[in-house]
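To convert, note that position 107 of the sequence shown is 107 in my numbering; the numbers rise steadily by one, no gaps.
Glycine is no exception: its CB is placed at the ideal position from the N, C-alpha and C atoms.
Remember, it's a predicted structure, so these values are computed and weren't measured experimentally.
In what follows, a single structure is set out as structure tokens and then discussed.
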Amino acid sequence: MAQLTASAGNSASKIKVNRPAWNDMFSSYPKENITSSNFYPMVSQRFAQLARENPRDWENTCAARMSYALNRSGIRLPQAPAGGNLVGEDKFNYWLRVKDLKTFMFNRFKSPDISYTPIKVNAIQSAQAKERITGVQTNILQKIKGKKGIVVFDVTGWDNASGHFTLWDGVNLLYVGPSDHNVPASMEYYFWFMREMPYFDKGFKVKVVQTTKISFWELK
């Protein structure tokens, strides 16, 4: 847990703050070099077995990875809402849903230091998409450059996840999985993530899966 020095007159004392220390989170967080198949048994053999039996149901590990770091950085997580909790062999609670963990963050850490809602687009190759990227660059990336902390992306359009949690080291996202989500030259860079996906609704149509909100809590 991070500490600050509070001073009054000639006296000073250390006080705990409500957020974990960056160095603790960084050292504990399972980063890109730890694949999902490597991560499951770090939590428990049961987690690994569940993932082997139903890979798609358990492919999203971002909330559990954040849980892993929080639990080891002075923020021992309570049990998650029903159906979204897994107890590790270390007796820590691991939260499985992004939306649940995001709610916990808001309750524990209060409002994000920086947040932004990108404009919604209906097509990737459009003036709207260019405006969206510019907006994210101005309202998020320029503001968090050089800062370190926790970031959560709300994403609409996926059928098996509501977003993504990771750490930001001032330049890079520390876990995005096998994708272009950490490549600023890509349309799939998480900060402005856009992907066209076909679906069927009285004929074939195309929807844009996209990041709808970015929330950032700075850690010291």
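Could you pull out every residue in the same chain whose Cβ sits closer than 6 Å to the Cβ of residue i, ignoring the five residues on either side in sequence?
i, result
"Tyr94", "Val43, Ala64, Ser67, Leu86 and Gly88"
"Ile75", "Pro20"
"Gln128", "Val121"
"Gly177", "none"
"Asn139", "Tyr116"
"Lys31", "Leu174 and Tyr175"
"Arg72", "Ser28"
"Asp180", "Ser186 and Glu188"
Exposed or buried, which one is residue i when buried takes at least 16 other CB atoms within 10 Å?
i, result
"Gln125", "exposed"
"Lys102", "buried"
"Gly163", "buried"
"Gly221", "With the chain covering 1 to 220 only, the question about residue 221 has no answer from this structure."
"Asn160", "exposed"
"Ser13", "Caution is warranted here: a pLDDT of 45 is assigned to Ser13, below 50, making its placement in the model unreliable, and the coordinate value is therefore given only provisionally. Exposed, since its Cβ has fewer than 16 Cβ neighbours within 10 Å."
"Phe200", "exposed"
"Val171", "exposed"
"Trp217", "buried"
"Phe204", "exposed"
"Met197", "exposed"
"Ala51", "buried"
"Gln308", "Absent from the structure is residue 308, since the part of the chain shown begins at 1 and ends at 220."
"Arg97", "buried"
Could you tell me how far apart the beta carbons of residue i and residue j are, in whole angstroms, since I believe they sit closer than 8 Å?
i, j, result
"Leu167", "Met25", "6 Å"
"Ser28", "Ala82", "The Cβ separation is near 27 Å, so there is no contact."
"Tyr175", "Val183", "Tyr175 to Val183, Cβ: 14 Å. No contact."
"Asn33", "Arg108", "The Cβ separation is near 28 Å, so there is no contact."
Please list, in chain order, all residues of the same chain as residue i whose beta carbon is under 8 Å from its beta carbon, the five residues on each side excluded.
i, result
"Thr212", "Thr117, Pro118, Lys120, Asp154, Val155 and Thr156"
"Leu141", "Phe191"
"Trp22", "Ala2, Lys148, Gly149, Leu219 and Lys220"
"Asp100", "Ala63, Ala80, Pro81 and Gly84"
"Trp158", "Val209"
Pick from the options: whose alpha carbon is nearest that of residue i?
i, options, result
"Phe39", "Asp57, Thr61 and Lys220", "Thr61"
"Ala80", "Asn139, Phe92 and Gln49", "Phe92"
"Ile214", "Phe200, Phe193, Met197 and Val208", "Phe193"
"Asp90", "Phe106, Ser115, Asn54 and Phe47", "Phe47"
"Gly135", "Phe191, Asn54 and Pro198", "Phe191"
"Arg195", "Asp159, Lys207 and Asn71", "Lys207"
"Trp58", "Ser73, Pro78, Thr35 and Leu77", "Thr35"
"Val151", "Asp113, Asn71 and Gln45", "Asp113"
Apart from the five residues on each side of it in sequence, which residues of its chain come closer than 7 Å, Cβ to Cβ, to residue i?
i, result
"Pro78", "Asn93"
"Lys202", "none"
"Gly146", "Gly170"
"Arg132", "Pro118, Ile119, Val121 and Trp192"
"Ile144", "Ile114, Trp168 and Phe216"
Notebook entry, point to check: For the stretch 25-69, which segments carrying the alpha helix (DSSP H) assignment without a break, of at least 4 residues, lie completely within its bounds, in sequence order?
Noted result: 36-43 and 45-53
Note to self: Suppose only complete runs of 4+ residues qualify. What are the alpha helix (DSSP H) ranges in the stretch 83-147, listed by chain order?
What the structure shows: 98-109 and 127-136
Notebook entry, point to check: Which runs of the beta strand (DSSP E) spanning at least 3 residues fall entirely within the stretch 169-201, listed in chain order?
Noted result: Counting only runs of at least 3 residues, the stretch 169-201 fully encloses the following beta strand (DSSP E) elements, listed from N- to C-terminal order: 194-200.
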